[in-house]
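In what follows, a structure is listed as structure tokens, so that the remarks can point back to it.
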Amino acid sequence: QVQLVESGGGLVQAGGSLRLSCAASGSIFSINDMGWYRQAPGKERELVAVITRGGSTNYADSMKGRFTISRDNAKNTVYLQMNSLKAEDTAVYYCTAISYRVYWGQGTQVTVSS
Numbered sequence: 001q002v003q004l005v006e007s008g009g010g011l012v013q014a015g016g017s018l019r020l021s022c023a024a025s026g027s028i029f030s031i032n033d034m035g036w037y038r039q040a041p042g043k044e045r046e047l048v049a050v051i052t053r054g055g056s057t058n059y060a061d062s063m064k065g066r067f068t069i070s071r072d073n074a075k076n077t078v079y080l081q082m083n084s085l086k087a088e089d090t091a092v093y094y095c096t097a098i099s100y101r102v103y104w105g106q107g108t109q110v111t112v113s114s
């Protein structure tokens, strides 16, 4: 089993920045990819970014250039630096880890005021 705990969400003005963190515990040796998804009210959950154990990254097109995913394998933590935030970035952001199955965190709310 893998447990994921997100932190760093909150309220920010448009154009501002936030940094999300997600700490993994449990069977961390089994984790390959880690990433972030988000779900806005009334919308489906969508990919934000993923990062492999080796550091290769992939982003949703709308996040490229504004969001940066990174990973500290020694701390079993994945980060999401979000810059130039827009009102449409408002959502619950979920951390995910992929090992033998997909694990999800509880989510952290990000609210961007316009």
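Heads up, the final residue of the sequence shown is numbered 114 in the working numbering, and it's a clean run with no missing numbers. The C-beta atom is built at its ideal place from N, Cα and C for all residues, glycine as well.
Identity of the residue in 34, 41, 23 and 74 nearest residue 111 by Cα: 41
Which residue's Cα is closest to the Cα of residue 81: 43, 33, 91 and 63? 63
Just curious, the beta strand (DSSP E) that residue 33 is in, first and last residue? Looking at the DSSP string, residue 33 is not in any beta strand (DSSP E), and its letter there is neither H nor E.
Boundaries (first-last residue) of the beta strand (DSSP E) holding residue 99: Looking at the DSSP string, residue 99 is not in any beta strand (DSSP E), and its letter there is neither H nor E.
When you compare only the Cα positions, how much space is there between residue 3 and residue 29? 12 Å
Count the other CB atoms within 10 Å of the CB of residue 37; is the residue buried (16 or more) or exposed (fewer)? buried
Which of the three DSSP states, helix, strand or coil, is assigned to residue 44? coil
Cβ-based neighbour list, residue 39, same chain, cut-off 6 Å, excluding 5 preceding and 5 following: 45, 91 and 92
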